[in-house]
Amino acid sequence: MPGSPRLFSLCRVLARHHRLFLLAHCSSPERRQSFSEDPAAAGVFQEVTILDDAPAPSWWGTQQHRLRLAPHFVTRYRNPDYHRTIVETVGKRLMTSGPANLIYVDGLWMTQYVTVDHQVPVVVDLHDSNTLLYERLLARERRPSKRLPLYLEMRSIARRERSLARFCDLIITNSTVDEAVIRRLAPASRTMTITNGVDTEYFAPAGHSVDRPTLVFTGVMDYGPNEDAVVYFCEEILPLIRRVLPDVEFWVVGADPTPRVRELARAPGIHVTGRVDDVRPYVQSAAVFVCPLRAGAGMKNKILAAMAMRRPVVATSLSLEGIEARPDEHVLMADGAEAFALAALRLLREPSLWQRLADQAYALVMERYSWSARGELLDASLRRIEAAGSTKRSSITMSNDVRRQP
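Each residue of the sequence shown is one higher than the one before, starting from 98 at the first, in my numbering.
As structure tokens, then:
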């Protein structure tokens, strides 16, 4: 799938009624080629513009950035010429794409290139509240040397998310928990929740049984909460499971593992794959999908994908935020190392429980988490916002990255 799974899945539905033009960053030449050659993208976007990456900042620009206490992703002070160029590129594209009558911004990062001067409605899909993410990271951090940078970044991001109400006609999040944070920061903002979905044709059950006690976790592995989750699992949970089932294997599947994550693979039975073209074979071959997240925000697509492939899930309560899965009916929920280990062992040793949870989770996903329903909900909201604008229904979509990432 070209683009982030959420962005592409929603745009695939929007393309039925809108003309979409995509502006996106894409640092990886491999991803850029893959995206440009993917026929699915051509069926969704009328035109794709790849934006240049920001150059290395000057010494003076770095000092300006620090003095302004700007979030880490902001380029306005570190690279003022680059920032101005991207803003102008967006403005020009607005005039040459129909003209466009709405900007749909994917992620907080890209909001810095949208201004009130563009004079068209702006909708931003934050996915998660980054303020909430940093609040949770700060709550877990005990080292004073790390707490101060986290606190300053949290304050900077909170200011950025609060400022969105000044120029955004609608702010979208993927869970009510994240939406509540945005409304706390900016009570006057117009917000809505569109939860994540899953491509049930792509993430489909394999139909074969599992004959090995294998546990799997998927995700981009240079993302702090994912790194923390797998390190926590390997150091505190997995040893408890192996006291009962010594031959259990744990697979960490995902791009860009940090040195700390790669080091985990030195232990017997722990596998760190790095980037893979397709995560499905790893999930399909697993006995249990585990999600031991202790930090982070937003709805976890990885859990929906596992449920769609009829793989039972053990997850922390934080991992299940925004998902209408009931503990002991659709998933097993466990907080704390001992409780998590016991839940995983139950699924590994009780075939009837394994089958019941797998079947009921699959039924839940099929009933409530289709991308089509979520895309139609978004389309209805965009139609109301566009009502006073052009009837040509062309839209600019801005994304921070172009990725193939299930």
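Backbone N, C-alpha and C define an ideal beta-carbon position, used for all residues, glycine too.
Pull up the CB-CB distance for residue i and residue j, whole angstroms please, since I reckon it's below 8 Å.
| i | j | result |
| --- | --- | --- |
| V385 | T370 | In fact, because the Cβ distance is near 17 Å, the residues do not count as touching under 8 Å. |
| F254 | V221 | In the sequence as displayed, the identity of residue 254 is Ile instead of Phe. So it is not a contact: roughly 14 Å between Cβ atoms. |
| A197 | F118 | 7 Å |
| L342 | L439 | The Cβ separation is near 12 Å, so there is no contact. |
| A470 | H427 | That pair is no contact at about 19 Å. |
| L111 | G472 | 6 Å |
| D353 | M318 | 6 Å |
| S467 | T297 | 7 Å |
| V187 | L120 | 7 Å |
| V380 | V358 | Not quite, the Cβ-Cβ distance comes to about 18 Å (not below 8 Å), so this is no contact. |
| L310 | V345 | Just to set this straight, residue 310 is Pro in the shown sequence, not Leu. Rounded, the Cβ-Cβ distance is 5 Å, consistent with contact. |
| V462 | L401 | 6 Å |
| Y174 | R165 | 5 Å |
| L199 | L390 | In fact, because the Cβ distance is near 34 Å, the residues do not count as touching under 8 Å. |
Comparing C-alpha positions only, which one of the options sits nearest to residue i?
| i | options | result |
| --- | --- | --- |
| K399 | A392, C388, A137, R407 | C388 |
| N293 | E418, A455, Q452 | E418 |
| L475 | L107, P102, V428, A441 | L107 |
| L335 | S101, A434, R372 | A434 |
| E250 | D266, C265, R233, F264 | R233 |
| N271 | D353, I420, D344, H114 | I420 |
| T290 | E298, D296, E276, F300 | E276 |
| V211 | A364, P246, T172 | T172 |
| R408 | C265, A484, A301 | A301 |
| H224 | R252, D344, T273 | T273 |
| D266 | V327, K243, Y201 | Y201 |
| V410 | L247, W451, P378 | W451 |
| S414 | L429, A402, R181 | L429 |
| R263 | R244, Y299, V278, V219 | V219 |
| P246 | Q209, D456, H169 | H169 |
| A138 | T159, R109, C123 | R109 |
| L454 | S124, A412, H122, R113 | A412 |
| Y179 | T193, R163, G158 | G158 |
| V141 | D308, L166, A167, H114 | H114 |
| P177 | K189, H162, L166 | H162 |
| M406 | T193, L461, A303 | A303 |
| D374 | S382, G351, P136, A484 | G351 |
| R47 | F437, S382, T355 | No statement about residue 47 is possible, as the shown extent of the chain runs from 98 to 503 and does not include it. |
| A436 | R465, A364, I338 | I338 |
| R252 | A167, E360, D432, D456 | A167 |
| S449 | R465, D425, E464 | D425 |
Would you give the residue range spanned by the beta strand (DSSP E) that residue i belongs to?
| i | result |
| --- | --- |
| A394 | First-last for A394: undefined, no H or E at that position. |
| R116 | 116-122 |
| V350 | 346-350 |
| V369 | 367-369 |
From what residue to what residue does the alpha helix (DSSP H) around residue i run?
| i | result |
| --- | --- |
| E144 | Element bounds for E144: not the alpha helix (DSSP H) but the beta strand (DSSP E), 142-148. |
| A138 | 136-139 |
| Y466 | No alpha helix (DSSP H) contains Y466, which DSSP labels as neither H nor E. |
| E435 | 434-446 |
| R357 | 356-361 |
| H106 | The sequence given here has Ser at residue 106, not His. Here the alpha helix (DSSP H) through S106 covers 102-111. |
| V376 | Taken as a continuous stretch (DSSP letters only), V376 belongs to no alpha helix (DSSP H), as it is neither H nor E. |
Shorter than 8 Å, the distance from the beta carbon of residue i to the closest heavy atom of the ligand COA, or not?
| i | result |
| --- | --- |
| P177 | Only the bare structure without any ligand can be found here, which leaves the ligand COA out of the picture. |
Whole alpha helix (DSSP H) elements within the segment 228-307, 4-residue minimum: Runs found: 241-260, 273-282.
Could I get the ranges of all uninterrupted beta strand (DSSP E) runs contained in the segment 396-430, with 3 residues as the minimum, in chain order? 410-412
Sufficient close CB pairs (3 or more, under 8 Å) joining the segment 278-285 to the segment 301-316: no
Cβ contact check for the segment 233-241 and the segment 150-157: 3 or more pairs under 8 Å: no
Tell me whether the segment 204-211 and the segment 362-381 touch, counting them as touching only if at least three CB pairs, one residue from each stretch, are closer than 8 Å. no
Please determine if the segment 329-345 and the segment 137-152 are in contact, where contact requires at least 3 C-beta pairs separated by less than 8 Å. no
Say whether the segment 222-230 touches the segment 245-259, bearing in mind that this needs 3 or more beta-carbon pairs closer than 8 Å, one atom from each stretch. yes
Curious, which full-length alpha helix (DSSP H) runs of at least 4 residues does the segment 166-222 contain? 177-193
So within the segment 306-343, which uninterrupted alpha helix (DSSP H) runs reach at least 4 residues, ignoring any that extend past its ends? Segments of the alpha helix (DSSP H) lying fully in the segment 306-343: 321-329, 335-339.
Does the segment 317-325 come into contact with the segment 391-405, if we say contact requires no fewer than three beta-carbon pairs (one atom in each stretch) closer than 8 Å? yes
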